[in-house]
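Trainee: Structure in structure tokens, see below.
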Amino acid sequence: MPDLLVLDRRLIARGVERSSTMRFVFWLAPWVALLALGIYAAALCFYYGLNQTHMDNRFAFGMWIYLDLGMIAMGAGTFFTGFLVYILKQEDLKPILNSAVVVGLICYSGAVAVLMVDVGQPLRAWFTFWHPNTHSMLTEVTFCITCYLFVLILEYLPVLLRNRQLRKVPSFLVFEYQLHKLVPVLAGVGAFLSFFHQGSLGGLYGVLRGRPFAFRQGFAIWPSTFFLFILSAIAVGPSFLMLVTAMAETLTGRRLVQPSVFRKLGSISGVLLGAYVAAKALDTLVWLNITSPALGFAPWDYYAYKPFGWALLFAEIVPLGLLPAFLLILPLTARKRSWALCGAALGCGGVLLNRFVLTVQTLALPTLAFDDFLRYIPSWQEVATFAGVIAYGVIVYSLSYRYLPLFGQAKGGDKNVSVG
Amino acid sequence: MFPWVDGFHWSPGHIIFLSLFFAVVLTILSTIVSAVWRTASDFRTHRATEMCWRLNFAELPEAERRCRHQLAGRVPHRTCDNAFDCRHCPKYAELAALPARNPSWNVGVNFSNNLLYHRGHTWVRSEDDGTLTVGLDEFAHHLIGHPDSVQLPVKDSKTESNGIAWRMMKNGHEIRVRAPIDGTVVSTGGDKHGWYLKLRPRDPVDLRHLLRGAEVSGWLSGEVDRLRQQFSTPNAPHCLALGGPLMPELMDAMPAADWDTVLAAIFLEA
Amino acid sequence: MSARYGFVIDLDRCTGCGACMMACAAENNVPPAPARATPRTGLTPMLVRKVSNGIEGTARREAFIPIACMHCGNETPCVGVCPQQAVEVDKATGIVMQMPQRCLGCRYCMTACPYHARYFNWWDPAWPVGMEKSLNPGVAVRMRGVVEKCNLCPARLHSAKEKAAAAGKKEIDPADYLPACAEACPTGAILFGNLADKNDPVFSAAHSSDAFRLLARLGTEPKVYYQSKQAWVKALAERDSDRATEAQHA
Amino acid sequence: MKVTRRDLLIGSAGAVAGLALTPVPWKLLNDVSIWTQNFPWIPQPAYGPVETKYSACTLCESGCGIRVRMAEKFPVGVAGVRSHPLTKGALCPLAFAAHQLNWHPRRLREVRHAGRAASWAEAQAAFQKACGEGPIAIVDGRPGRAVSSVFEAFTRKHNGSYQAVLSAESQALAPYADWSGVPVASLGYDLENARTIVSFGAPVLDGWGTPGRFTQLWSERAAGAADPQLRLIQIEPSLSRSAARAWRWVRVREGIEAQLAAGLARVLLEERLVTQPGPMPRLSLAEAAAQTGLAPEAIRDLSHTMMENRPVVVIAADGNPAIAALNVLLGAVATPGGIVRKRGEVQPHVPDDPVPESIRAMLVDSTVPWEFAAQANAEVFRFAAWDGGGDRAGWLLPAPGFLEELTDVPTSPTSALPTYAVAQNLVALPIGVQSAAQFLVKIDPTMPAVEKVIHARCGEIFRSRQGSVYGEHPIAATKVDSAQHLEEQLRKGAVWMGEPPSPGKFRCELKEWPMENRVAPATSWATAWVPPVFPALATKLYQESNLREPPAERRG
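Chains as they are written, first to last, in the numbering used here: chain P, 53 to 472; chain E, 9 to 278; chain U, 7 to 256; chain G, 144 to 699.
Here it is, written out as structure tokens:
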């Protein structure tokens with residue numbers, strides 16, 4: 053145990069004060085337990101097959117796909133801030149960058165991990181690379197996400213190598229220095245990849261001609277959802293970073309970034325969210341009046357089934373779209389931290405709802421005239437697997453915050469409570 | 009994936025998709041490779057140690073980056089932005105000319121006026137045969153006392169200033185001592201000898217960057233003050249009472265203290 | 007010339023006995039579902055569904071709709087979405103082929119299929135002790151974790167081709183290739199044939215006034231036609247038909 | 144030199160990088176995915192030559208023609224036979240999984256006594272003892288087979304009684320037999336010539352009679368048409384699958400068939416819709432209407448519709464005399480398109496012996512449905528291929544399963560033409576399994592062997608010079624050169640079919656209108672083909688399609 057204490061101290065950068073080892077361990081313990089449970093659930097799925105879940109032939113995609121889409125949308129803040137900082141030279145966002153990289157890494161690695169459990173034959177996953185069907189949105193997603201995960205790891209490496217012990221190795225330190233100089237390239241690649249896979253995730257459902265609730269027209273090979281997803285992702289990405297940072301600040305009881313950074317993220321989020329809502333509304337109108345009827349599906353039919361009524365559509369556009377946009381744009385509210393955060397939360401909620409509608413409601417709705425509305429409740433294995441991913445995220449972020457310079461070298465001691 | 013793999017089509021979509029993919033992969037790989045290659049070349053051209061030092065220096069708290077002339081009281085306030093390397097400091101000559109306004113009072117540790125001091129708590133003495141002897145200064149000596157083990161460089165190996173010259177272990181703490189100058193190891197001493205290395209300096213010999221005279225007292229008093237602050241606990245030993253001489257073998261005396269931080273500060277680790 | 011194999015199913019003649027399902031399952035070595043299976047987790051490449059006119063009481067009418075893969079001929083939903091080309095449309099026959107050994111089990115094709123004619127192997131295939139001796143030779147058992155569906159009894163097509171080849175003929179004899187379900191139907195409700203061949207009975211049947219296809223307005227050109235003289239049954243073809251709407255609001 | 148941690152790190156990193164350049168990891172990746180394509184625990188189908196055999200299905204008394212694909216001595220597929228005169232290639236859904244039944248978890252393979260394992264020797268000894276003490280009874284589920292005559296011979300010799308358990312189809316014909324003296328087995332329905340068929344709850348499209356025979360008739364002449372050539376009127380409380388597909392569905396209360404029949408009869412008689420007079424039912428139309436839950440007009444309309452296009456025949460779900468009486472009234476007896484008498488007697492008619500008060504032992508053949516309740520005090524020797532669950536017998540004796548015994552298949556009860564087929568034992572009999580006939584022969588070697596009886600019957604058919612033999616190509620019986628050849632043909636899966644019935648030949652007299660709804664005896668069973676056990680495949684398929692509930696699993 054003393055060794056652990058010593059090790060812990062030695063890993064924390066000099067002059068940076070973090071909570072006591074014990075406190076940190078107590079903070080981590082429940083998350084580690086949750087992670088263990090998640091790993092157990094995933095192991096069950098690997099060993100016995102997907103009959104462990106409550107998915108079925110009609111509800112072929114379940115909770116996992118929904119949460120993957122959600123997580124990746126939230127992870128969009130990473131590539132976007134990287135893009136802003138390195139390509140558009142918005143230097144004042146730099147302080148948030150390292151934290152953003154960690155968030156992105158968590159979201160993407162988590163999503164990929166869940167996907168591996170979700171497929172029936174994980175050992176054949178590489179077939180997608182070997183015999184790719186380039187017409188499939190899923191191929192695009194798979195390729196981009198895998199590549200981008202590598203990019204994220206590379207972007208994370210410099211942050212990792214700045215750890216107090218690792219930097220003692222001269223070659224690491226120099227490599228970190230050299231790699232850091234090349235990060236703009238990675239940021240560019242990351243932006244390119246993210247642009248495509250965020251879009252393809254939207255396309256995933258937009259191309260489903262057989263599911264008129266999700267099917268959309270578009271340009272060239274891409275349905276409108278392709279572009280809506282990109283827009284919505286970069287709109288809430290910064291919001292999510294705000295939320296994460298704010299959470300870290302409350303937990304550590306310390307100002308980690310300047311309010312100006314918050315405001316900047318907020319305004320970017322707000323403007324993009326506004327644009328997204330406008331586009332979304334337009335798209336919905338086109339779909340309701342042209343696309344869906346043309347396929348022989350009366351739009352009101354979709355909303356005839358409780359609990360998925362019109363309210364869902366309204367909620368997605370107004371209280372969870374328009375409202376947060378205003379909260380984040382209007383100076384009156386944008387300047388107030390609490391209002392801004394509230395707006396960010398609503399915005400994220402809206403996009404999560406959008407992903408839910410597209411993944412779950414699409415499958416629940418009947419297609420054939422003699423079909424019924426379907427219900428599906430995830431099994432504990434599904435829930436546990438996902439909870440494990442959340443726990444994994446918290447653990448990685450806590451460790452990174454404790455041992456790595458996430459927000460520059462914020463020297464000086466923590467105030468009251470302090471974890472991470 | 010490749011033309012010879014089942015499922016490959018010579019269709020535009022397929023070609024565009026795959027070429028984009030390969031382009032991305034190549035970009036990522038070339039990024040890694042070039043980073044590695046640059047790192048390697050930095051080591052080949054002996055810039056690595058210098059870079060490491062400068063990266064570390066950048067991370068030091070400002071209080072530890074005070075200019076030697078401020079220590080000597082020649083200027084009221086100046087922070088070094090040259091990684092303590094006065095050899096390439098444009099203002100060195102001009103500032104060095106100013107008179108030192110810093111009476112050398114007793115700072116609690118002894119130091120010799122005919123030794124040159126490095127900020128990493130090593131002293132340098134030039135011998136008649138042109139070699140330079142390097143030892144650990146009394147401040148460090150008081151703290152560490154007798155190290156449990158010393159890992160010295162082999163004969164004829166090169167040392168680079170601010171690179172790690174030798175390592176010592178004490179009560180489970182690794183102490184990495186920075187080399188004061190560039191040179192070649194002629195012979196090695198140790199704790200008992202009172203000195204650690206004899207170096208043949210790389211020509212041309214330039215010791216301008218090492219502290220001397222008034223600077224030393226100013227610097228050491230600063231070090232002692234910091235030590236006091238770090239140990240400013242209720243049960244602080246009298247040895248640290250203002251002006252009192254520094255008690256020898258402090259690490260043995262106070263094993264519970266946060267030596268990790270203390271040593272890092274003393275031996276210029278970020 | 008390339009064939010377009012398909013069905014014309016006369017719903018007025020279907021008594022819903024389920025012989026087609028049984029014959030299909032036996033032909034294609036479909037394993038019995040484990041006890042934990044639900045009606046939504048089984049394997050039924052051919053599935054007969056009971057439908058009604060949505061009215062209760064003496065005015066109620068019921069019919070039975072056998073549903074297999076529709077082998078869509080245009081923008082085949084499942085082919086486009088498969089990330090690794092495990093689904094392909096055979097140019098020579100128009101059959102939409104599912105290759106289990108290539109499938110990764112992502113189930114994207116299942117979400118894409120508007121007819122729910124695709125099934126996932128949720129369990130390892132297992133039979134009561136000794137029953138594997140009764141498996142149909144020449145049809146590989148699918149492993150757990152892959153998607154399967156009606157491939158129009160490829161084993162039968164294969165043997166028909168072999169027979170033709172042995173006789174030195176290029177075209178197979180239509181009499182030699184009949185999927186198990188069509189062969190099993192006791193009322194001859196399931197008509198199978200080459201929709202591209204004007205002389206084939208299915209051609210005229212498919213073009214009769216009573217013929218319709220499910221969700222034809224999706225534009226996927228399914229190659230399974232249905233036939234009925236009853237208006238309410240025809241109304242089942244499309245989602246936004248009056249019947250569907252009143253059934254919703256009933 | 145000294146190996147530092149740094150060296151180790153660099154070394155391992157280099158090793159990983161180097162390994163990636165070798166083919167090892169890639170080969171491994173490939174092999175793993177190949178492994179996933181044929182997991183060792185997945186059963187592989189048999190390979191090798193597949194030969195096709197023809198036979199008759201013995202799972203029920205319909206005896207449909209089946210085409211069996213055999214691989215490595217086991218059936219791997221069952222299909223119908225298009226050239227079969229009666230079924231024309233149709234089979235019931237369950238027949239398609241019949242070849243799996245022999246491996247059903249409930250298959251019986253060893254003798255059990257009072258729930259414990261026993262041996263054939265013990266069973267034999269016990270039965271011999273019982274025969275000594277007597278009286279014994281042998282219960283046959285399908286009278287008229289070669290086995291049946293073995294049973295009869297045995298009972299005659301060992302002062303026992305022969306009991307036949309009739310299917311509901313046969314029971315529906317019982318009243319005519321009572322009234323005319325013509326044995327049930329010789330009666331049948333001439334559906335091919337009927338133009339209106341009124342089914343009183345008989346599942347005519349759902350396994351009634353020979354699968355395929357009526358369904359095909361219906362699909363050719365009735366299906367979907369607004370004014371079909373053949374009208375099917377289904378009288379049933381619920382919208383059964385027959386009702387769903389019928390031309391008209393008349394919704395009535397449960398168990399009021401007799402009242403409705405009476406009501407109809409009243410209208411027919413009062414309004415002179417029928418030519419020959421008959422006894423007037425005691426029930427008034429109003430009463431009938433009240434009890435059936437139909438409006439008097441509805442009953443009147445129904446009777447008019449029935450007479451609209453004739454011949455009309457009424458089909459009862461069981462031996463309800465009221466409905467039989469309706470047929471008599473309608474003149475649907477001994478006329479084309481009605482109840483007819485088959486020409487020629489293929490199977491010797493075996494009369495049921497009177498049941499003695501107390502029976503010492505009762506041998507129940509495997510053809511008797513599991514529901515059959517034996518006489519309480521008797522020691523029961525129950526032959527069965529599959530355990531239907533429950534504690535039904537003192538002795539549970541494993542009988543041959545699907546295609547495991549040589550037996551003959553006499554005419555199906557509802558058929559208007561006599562048929563005769565032979566089911567070969569295509570599958571080797573498992574060790575420890577034997578049929579009731581073999582059991583009896585062991586006890587009394589003087590009993591005739593089934594082969595001999597079949598041989599004799601083939602001889603009779605050959606000498607009768609009637610009908611034709613439907614093998615690969617049908618040939619008239621007169622063209623068959625020898626009885627030997629005929630038997631060979633039948634053993635190869637051909638089926639003999641006699642001449643069509645000639646009208647007249649028997650009369651039914653009604654003294655007075657039968658009123659009681661005769662409750663079906665305990666020995667009758669659902670008309671829809673219900674197997675001793677349901678193939679696992681079928682259970683599952685019926686569960687997944689919303690067609691119908693699989694029959695409730697009979698658990699022990």
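C-beta: ideal position from N, C-alpha, C; glycine also.
Computed from a predicted model, the values in this text were never measured in an experiment.
Does any residue of chain P bring its CB to less than 8 Å from the CB of G/Ser176?
Mentor: Yes, its Cβ sits closer than 8 Å to a Cβ of chain P.
Trainee: Residues of chain U with CB under 9 Å from G/Gln187, in chain order?
Mentor: Result: Glu138, Leu141, Ala146 and Val147.
Trainee: Do you know how far the Cα of G/Arg384 is from the Cα of U/Ala237?
Mentor: Approximately 19 Å, taken between the alpha carbons.
Trainee: Applying the 10 Å Cβ sphere with the 16-neighbour rule, what's the burial state of G/Phe182?
Mentor: Exposed, by the Cβ-count rule.
Trainee: Using a beta-carbon distance below 8 Å, is G/Arg388 in contact with chain U?
Mentor: With 8 Å as the cut-off, G/Arg388 counts as an interface residue toward chain U.
Trainee: Show which residues of chain E have a CB atom less than 8 Å away from the CB atom of P/Pro290.
Mentor: Ordered by position in chain E, no residue passes the 8 Å Cβ test against P/Pro290, which lies about 25 Å from the chain.
Trainee: Could you say which of U/Ala190, U/Ile101 and U/Leu110 lies nearest to G/Gly220 if we only look at CA atoms?
Mentor: Of U/Ala190, U/Ile101 and U/Leu110, the residue nearest in Cα terms is U/Ala190.
Trainee: G/Trp184: buried (16+ other C-beta within 10 angstroms of its C-beta) or exposed?
Mentor: Looking at its Cβ environment, which holds fewer than 16 other Cβ atoms inside 10 Å, G/Trp184 is exposed.
Trainee: Any beta carbon of chain C sitting closer than 8 Å to that of P/Arg454?
Mentor: In the structure shown, chain C does not exist; the protein chains are P, E, U and G.
Trainee: Rounded to whole angstroms, what is the Cα-Cα separation between P/Ser490 and P/Lys141?
Mentor: Residue numbering for chain P in the displayed model covers 53 to 472; residue 490 of chain P lies beyond these limits and cannot be assessed.
Trainee: Determine, using beta carbons only, whether U/Leu201 and U/Ala212 come nearer to each other than 8 Å.
Mentor: Result yes, Cβ atoms of U/Leu201 and U/Ala212 sit closer than 8 Å.
Trainee: Short of 8 Å in beta carbon distance, which residues of its chain neighbour P/Ile342, apart from the five on each side in sequence? Order them along the chain.
Mentor: If we look at P/Ile342 and ignore the five residues flanking it on each side, its Cβ neighbours are Gln269.
Trainee: The ligand GTP and G/Val175: does the residue's C-beta get closer than 7 Å to at least one heavy atom of that ligand?
Mentor: As far as ligands go, the structure on display features none, and thus does not contain the ligand GTP.
Trainee: Ignore the nearest five residues each way along the sequence and tell me which others in G/Val325's own chain have a CB closer than 6 Å to its CB.
Mentor: Correct list, in chain order: Arg484 and Phe649.
Trainee: Under 7 Å Cβ-Cβ, which residues of chain G neighbour P/Arg176?
Mentor: What P/Arg176 touches in chain G: Ser176 and Thr179.
Trainee: Between the segment 242-262 of chain G and chain U, which residues of the former have a C-beta closer than 7 Å to a C-beta of the latter?
Mentor: Under the 7 Å Cβ criterion, the segment 242-262 of chain G contributes His242, Gln243, Trp246, His247 and Pro248.
Trainee: Out of curiosity, what's the CA-to-CA distance linking G/Ala273 and G/Pro643?
Mentor: G/Ala273 and G/Pro643: Cα-Cα distance of roughly 45 Å.
Trainee: Within the 8 Å Cβ cut-off, does G/Leu237 reach chain P?
Mentor: Closer than 8 Å: no.
Trainee: Could you tell me which chain U residues have their CB closer than 9 Å to the CB of P/Pro184, listed as they occur along the chain?
Mentor: Per Cβ cutoff of 9 Å: Pro89, Gln90 and Gln91.
Trainee: Under 8 Å, Cβ to Cβ, is there at least one residue of chain E near P/Arg62?
Mentor: It does: the Cβ of P/Arg62 has a partner Cβ on chain E nearer than 8 Å.
Trainee: Could you name the residues of the same chain whose beta carbon sits closer than 8 Å to that of P/Cys97, not counting the 5 residues immediately before and after it, in chain order?
Mentor: Gln104, Thr105, Val169, Gln433 and Thr437.
Trainee: Quick check: is the beta carbon of U/Glu81 nearer than 8 Å to any beta carbon in chain G?
Mentor: With 8 Å as the cut-off, U/Glu81 does not count as an interface residue toward chain G.
Trainee: Residue range of the beta strand (DSSP E) that U/Met149 falls in?
Mentor: Counting along the chain, U/Met149 falls outside any beta strand (DSSP E), and DSSP gives it neither H nor E.
Trainee: Would you mind telling me which residues of chain U sit closer than 7 Å to G/Ala219, beta carbon to beta carbon, in chain order?
Mentor: Checking the sequence, you will find Val at residue 219 of chain G rather than Ala. Per Cβ cutoff of 7 Å: Ser140, Leu141, Asn142 and Pro143.
Trainee: So, using beta-carbon positions, are P/Val296 and P/Val68 closer together than 8 Å?
Mentor: No, these two residues do not count as a Cβ contact at 8 Å.
Trainee: Once the 5 residues before and after P/Gly242 are set aside, which same chain residues still bring their CB inside 8 Å of it?
Mentor: So the qualifying residues of the chain are Thr130, Phe131, Gly134, Phe135, Tyr200, Val203, Leu204 and Glu207.
Trainee: Considering only C-alpha positions, which residue in the set G/Leu375, G/Asp530 and G/Ala401 is nearest to G/Trp390?
Mentor: Measuring from the Cα of G/Trp390, the nearest candidate turns out to be G/Leu375.
Trainee: Are G/Lys196 and G/Leu569 touching if we call contact CB-CB under 8 Å?
Mentor: Their beta carbons are under 8 Å apart, which means G/Lys196 touches G/Leu569 by this criterion.
Trainee: Taking the CB atoms as reference points, tell me whether G/Ser198 and G/Leu546 lie closer together than 8 Å.
Mentor: In this structure, G/Leu546 lies closer than 8 Å to G/Ser198 by Cβ.
Trainee: CB-CB under 7 Å to U/Lys240, same chain, minus the five flanking residues each way: which ones, in chain order?
Mentor: Excluding residues within five positions, the ones whose Cβ falls inside 7 Å are Phe218 and Ser234.
Trainee: Find the residues of chain U that neighbour G/Ala214, judging by a C-beta separation of less than 7 Å, and give them in chain order.
Mentor: Residues of chain U passing the Cβ test: Pro143.
Trainee: Assuming contact is defined by CB atoms lying nearer than 8 Å, are G/Cys651 and G/Ser323 in contact in what I supplied?
Mentor: Contact flag set, yes.
Trainee: Pick from U/Glu227, U/Leu220 and U/Tyr232: whose alpha carbon is nearest that of P/Asp423?
Mentor: Here the closest residue by C-alpha is U/Leu220.
Trainee: For the candidate residues G/Ala261, G/Gly575 and G/Met213, whose alpha-carbon lies nearest to that of U/Leu141?
Mentor: Considering only alpha carbons, the answer is G/Met213.
Trainee: With the cut-off set at 8 Å, would you say U/Ser58 and U/Arg66 are in Cβ contact?
Mentor: Going by C-beta atoms, U/Ser58 is nearer than 8 Å to U/Arg66.
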